[in-house]
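Residue numbers (the working numbering): -18 to 372.
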């Protein structure tokens, strides 16, 4: 009986079932490549159903673990494995895009640590997380067994400052023009009628009696959203856009208020906690060294289509050096391998088009690199024994 290698795909922030290509094209393509390279095992590809990318990250990870556990148990039962927790016939590669890679890493760490995932206590010190560097890993049995964590453009160490700077500068210029228009409209709405209607005046007798002269420090009464609220929201939306989240905000969601926005920002808020980011990477490196749980990140880099640009916030950034992810500098951080996109003109575009052959000329190489990593992690004693009938 063949053992089973499960490729589990996890989308990122505001992603969905089509993250890995239309009808999961990339997931199926990668599974076919891996199956051809690993004939001794049965290769299955599953995509974690669309989930709410908001609220507490660790609660989201907990729900994913429950779903994965049920999937693996079903496969173990189908294989007739007598002791799946001791000698599992199923091993899993967690494959995440963007924030999905962080969900995958958190799940692998928790499974190896055999500890429940709980929400962060907001009163605790910011350096405390659900997992701490130095805690023992692998002291017990890992089930489901994670063979590797393969991330696609996951900002394990934060989003590159260039992404924020390029986005912020562009949004600032757009916002300036928009606010100029709003200023002109406000003059019309707030009583500057002499200029707005000079071409179509009515007889003096038809005009309403003039209102009492307002004091200079008085302003029109604001009701509802008003121009003051619009300006405030415009500024806040600009800040969100600078962080890369505005591209996912649906304008009709604004009517639900800031609860919707803040809950999503809570989910991606871990990207702003540097110590937590570094701790997570250190734990994954430890898992790789001690338990052989593979860990790699295939990150996008712009190619020929992106020219150098002068950005006031970060200086000149060469086009072929622009990445979506902040790259590791000194400390061990697993295997990071670039995935160059010669068609994309900006970092976010390359990030979103990784799995679209028409928009990513490096699609084939990306697939081969991913396949080679998975094959390298899986060719071990477990794989070699898969031809034996399970006793």
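Note that the Cβ used here is the ideal one computed from N, Cα and C, for glycine as well.
Keep in mind that this is a model prediction, so the values were computed, not measured.
- Each of -17, 1, -16 and 284 was checked against the Cα of residue 338, and the nearest Cα belongs to 1.
- A straight line joining the alpha-carbon of residue 309 with that of residue 39 spans about 24 Å.
- Where residue 27 is concerned, the enclosing beta strand (DSSP E) starts and stops at 22 to 28.
- Here DSSP, grouped into helix, strand and coil, assigns residue 7 to helix.
- For residue -15, the CB contacts under 7 Å within the same chain, skipping 5 residues up- and downstream, are 22, 23, 25, 56, 60, 70 and 71 in chain order.
- For residue 52, the uninterrupted alpha helix (DSSP H) run begins and ends at 38 to 60, by DSSP.
- Here the C-alpha atom of residue 123 lies approximately 14 Å from the C-alpha atom of residue 47.
- In this structure, the beta-carbon distance from residue 136 to residue 341 does not fall below 8 Å.
- Residue 74 is bridged by DSSP to -12 and 129.
- Taking C-beta atoms as the reference points, residue 125 and residue 73 count as a pair closer than 8 Å.
- Take the alpha-carbon of residue 330 and the one of residue 132: they are about 18 Å apart.
- Per DSSP, the continuous alpha helix (DSSP H) segment holding residue 330 begins and ends at 328 to 333.
- Residue nearest to residue 8 within the set 349, 93 and 366 is 349 (criterion: CA-CA distance).
- Under DSSP, no beta-bridge partner is assigned to residue 268.
- Following the DSSP letters along the chain, one finds residue 81 inside the alpha helix (DSSP H) bounded by residues 80 to 94.
- Between the alpha carbons of residue 143 and residue 65 lies a gap of roughly 47 Å.
- DSSP places residue 353 within a helical segment (H, G or I) once states are collapsed to three.
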